[in-house]
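Engineer: Once you've had a glance at the structure underneath, I'll fire off some questions.
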Amino acid sequence: MKKVNLVFGTVYGSAQFTAETLAQALSQRGYLVKLWQTDEIASFTPPADELLVVVTSTTGQGDLPEDIQPWFYHLKNTAPYLPELYYSVIALGDSSYETFCGAGKAIDALLGELGAKAVVNRFDIDACQTMEPEVEALKWLEHWDQVIRSAAD
Ligand SMILES: Cc1cc2nc3c(=O)[nH]c(=O)nc-3n(C[C@H](O)[C@H](O)[C@H](O)COP(=O)(O)O)c2cc1C
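The sequence shown begins at 12 in my numbering and counts up by one.
Shown next as structure tokens:
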């Protein structure tokens, strides 16, 4: 079964809790999961033969949470070419901001620039619609898992 690197960026903990919930559900589905803690990811370049899932909230005016910034700038500055990497982004945000899910959009765009391929479209979770992003993420996982398994067939 594939290995999944799970990276999160959070200010108040919702994205972290969502990532922890996903990590558990992925393990139950048989994936090998590495949930990266934010103090470990500053120089992490995702290996091409493993899957990458990013869960991030947005802060300020469309800004990345501080804890995921070192990783974002590591990738931006080293600009590895990652055409064989398959990734997914779950973006937590609030649609009352004009910069809705700005951080998730920035990470999605950066990974695309590096040549990585999205397994499914970015999944935006709106705090105006739900207070339980982890529940939405688990529904998303059903679909994601099907896509991964059908690609492996
Ligand atoms: C000070 C502040 C600024 C925010 N700025 C944005 C923003 O620009 N765009 C957006 O979509 N959501 C924004 N949000 C909403 C958060 O991204 C959303 O509530 C998210 O679920 C928080 O997740 P976290 O607990 O992981 O930080 C902001 C929230 C706060 C408190």
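Backbone N, C-alpha and C define an ideal beta-carbon position, used for all residues, glycine too. This one's a predicted model, so the numbers in the text were calculated from it and none came from an experiment.
Are the Cβ atoms of T29 and A162 separated by less than 8 Å?
Structural biologist: Numbered from its first residue, the sequence shown carries residue 29 at position 18. Numbered from its first residue, the sequence shown carries residue 162 at position 151. For T29 and A162, no; Cβs fall outside 8 Å.
Engineer: Just how far apart, CA to CA, sit H85 and E109?
Structural biologist: Numbered from 1 along the sequence shown, position 74 holds the residue referred to as residue 85. Numbered from 1 along the sequence shown, position 98 holds the residue referred to as residue 109. Rounded to whole angstroms, H85 to E109 spans 27 Å at the Cα level.
Engineer: Under the rule that 16 or more other beta-carbon atoms within 10 Å means buried, what is R160, buried or exposed?
Structural biologist: In the sequence shown, counting from the first residue as 1, residue 160 sits at position 149. Exposed, since its Cβ has fewer than 16 Cβ neighbours within 10 Å.
Engineer: Cα separation between P144 and F83?
Structural biologist: In the sequence shown, residue 144 corresponds to position 133, counting from 1. In the sequence shown, residue 83 corresponds to position 72, counting from 1. If I take the Cα positions, the gap works out to 22 Å.
Engineer: Could you check if A117 belongs to the surroundings of ligand 1, using beta carbon to heavy atom distance under 7 Å?
Structural biologist: Position 106 of the sequence shown holds residue 117. No, ligand 1 has no heavy atom inside 7 Å of this Cβ.
Engineer: Output needed for P94: all residues of its chain with C-beta closer than 6 Å, excluding positions within five of it in sequence on either side, in chain order.
Structural biologist: As a first step, residue 94 must be located in the sequence shown, where it is residue number 83. Closer than 6 Å at the Cβ level, and outside the excluded window around P94, lie G126.
Engineer: Helix or strand or just coil, what does DSSP make of F134?
Structural biologist: Within the sequence shown, the letter at position 123 stands for residue 134. Assignment of F134 by DSSP, reduced to helix, strand and coil, places it in the strand class.
Engineer: Return yes when at least one heavy atom of ligand 1 lies under 7 Å from the C-beta of Q27, else no.
Structural biologist: Along the sequence shown, read from residue 1 onward, the residue named residue 27 stands at position 16. Flag set: Cβ of Q27 near ligand 1.
Engineer: Between the beta-carbon of Y98 and the beta-carbon of V65, is there less than 8 Å?
Structural biologist: Translated into positions along the sequence shown, residue 98 becomes position 87. Translated into positions along the sequence shown, residue 65 becomes position 54. Judged by their CB atoms, Y98 and V65 are nearer to each other than the 8 Å cut-off.
Engineer: Check for me: the beta strand (DSSP E) holding F83 runs from which residue to which?
Structural biologist: Start at 1 with the first residue of the sequence shown, and residue 83 comes out as number 72. First-last for F83: 80 to 89, but that is the alpha helix (DSSP H), not the beta strand (DSSP E).
Engineer: For M12 and S38, I'd like the C-alpha separation in whole angstroms.
Structural biologist: Taking the sequence shown and counting its residues from 1, the one referred to as residue 12 is at position 1. Taking the sequence shown and counting its residues from 1, the one referred to as residue 38 is at position 27. Going from the Cα of M12 to the Cα of S38 covers about 10 Å.
Engineer: Taking the alpha carbon of E51 as the point to measure from, which residue in A26, T32, G20, S68 has its own alpha carbon closest?
Structural biologist: As a first step, residue 51 must be located in the sequence shown, where it is residue number 40. Nearest C-alpha to E51: G20.
Engineer: Ends of the beta strand (DSSP E) at L125?
Structural biologist: The residue you call residue 125 lines up with position 114 of the sequence shown. Unbroken run through L125: none, as it is neither H nor E.
Engineer: For G20, write down the residues that DSSP places opposite it in a beta bridge.
Structural biologist: For the purposes of this step, residue 20 is taken as residue 9 along the sequence shown, with counting starting at 1. DSSP output for G20 lists T67 as bridge partner(s).
Engineer: Less than 8 Å between the beta carbons of T67 and A34, yes or no?
Structural biologist: Within the sequence shown, numbered from 1, the residue matching residue 67 stands at position 56. Within the sequence shown, numbered from 1, the residue matching residue 34 stands at position 23. Going by C-beta atoms, T67 is not nearer than 8 Å to A34.
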